[in-house]
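These notes are about the structure you will find just below.
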Amino acid sequence: MNTVRLTVVARDGVASFLGPGHAIKMLAAACSRNPVTLTELLDYTTPFDADFVEGVRAGLAVFDEHNSAENATAFHTVVQLLSPDRLPPFRVIDELTRSLSLQPVGVGLVLYNLKARRIVQLVNQYGELLRQDRGRIRRGGEPTRLLYTYRLPDDWRILP
49 MNTVRLTVVA RDGVASFLGP GHAIKMLAAA CSRNPVTLTE LLDYTTPFDA
99 DFVEGVRAGL AVFDEHNSAE NATAFHTVVQ LLSPDRLPPF RVIDELTRSL
149 SLQPVGVGLV LYNLKARRIV QLVNQYGELL RQDRGRIRRG GEPTRLLYTY
199 RLPDDWRILP
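Next up, the structure:
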């Protein structure tokens with residue numbers, strides 16, 4: 049799998065997680081609906097790959113259960129045990145998580161800034177991200193014959 053780090057800056061905070069390369073396009077498609085929170089972004093992504101979204105949500109729930117802005121010891125332990133390309137989803141709550149959220153893995157690092165309506169491809173070796181495109185819907189992690197289409201509103205920017 050072509051793994052990529054995906055970091056989302058939203059009204060309700062910053063979260064970072066790994067995904068397959070095709071998730072870059074799925075999240076861009078979700079951005080075409082102008083989400084302002086991570087929850088909205090994931091809700092809008094669900095029709096494209098529900099299993100991927102469920103994995104992100106479950107990972108963040110575990111993170112939230114064991115960590116807080118005042119005490120991230122549990123996640124710091126995980127960081128010592130796993131390589132960056134194996135880390136579970138996490139929220140940015142301190143300098144370590146901020147640094148990890150900006151560290152490319154696999155085919156890259158893409159930042160989705162919902163507040164500024166920008167998609168920043170800090171590193172994208174997966175493929176060109178377009179303002180208007182289509183992608184394949186996935187079920188059970190496998191591509192189907194069904195396609196989704198999207199077009200980013202004019203006030204959204206894609207930066208290289």
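Going by the numbering used here, the sequence shown opens with residue 49, and the numbers climb by one from there. Built from N, CA and C at the ideal position, the CB exists for glycine as well.
When Gly-183, Trp-204, Asn-172, Arg-146 are compared against Ala-117, the one with the closest alpha-carbon: Arg-146
Alpha carbon of Asn-95 to alpha carbon of Leu-130, nearest angstrom: Going by the sequence as given, residue 95 is Pro instead of Asn. Roughly 30 Å separates the two Cα atoms.
Supposed close pair Val-126, Phe-65 - CB separation, criterion 8 Å: 13 Å between Cβ atoms; not a contact.
Spatial neighbours of Asp-112 in its chain, beta-carbon cut-off 8 Å, leaving aside the 5 residues before and after: Arg-139
Gly-188 beta carbon less than 8 Å from that of Asn-50: no
Extent of the continuous alpha helix (DSSP H) to which Val-56 belongs: Taken as a continuous stretch (DSSP letters only), Val-56 belongs to no alpha helix (DSSP H), being part of the beta strand (DSSP E) at 51–58.
Exposure label - Asp-97; buried when at least 16 CB within 10 Å: buried
Cutoff 8 Å; reference Leu-195; Cβ partners in own chain excluding five residues on either side: Arg-182, Gly-183, Arg-184, Ile-185
Cβ neighbours of Gly-69 in the same chain (closer than 6 Å, five flanking residues each side left out): Asn-50, Val-52, Val-155, Tyr-174
Residue interval of the beta strand (DSSP E) (run including Ser-64): 61–68
Residue nearest to Asp-133 in terms of C-alpha spacing, selected from Pro-152, Ala-122, Asp-142, Ala-164: Pro-152
Given Asp-203 as reference, the closest of Ile-72, Arg-81, Val-62 once Cα atoms are compared: Arg-81
As assigned by DSSP and simplified to three states, the class of Glu-190: strand
Residue range of the beta strand (DSSP E) that includes Val-171: 166–172
Close Cβ partners of Ala-77 (< 7 Å) along its chain, the five nearest in sequence each way excluded: Phe-96, Gly-183, Tyr-196, Tyr-198
Per-residue DSSP class, three states only, for Phe-96: coil
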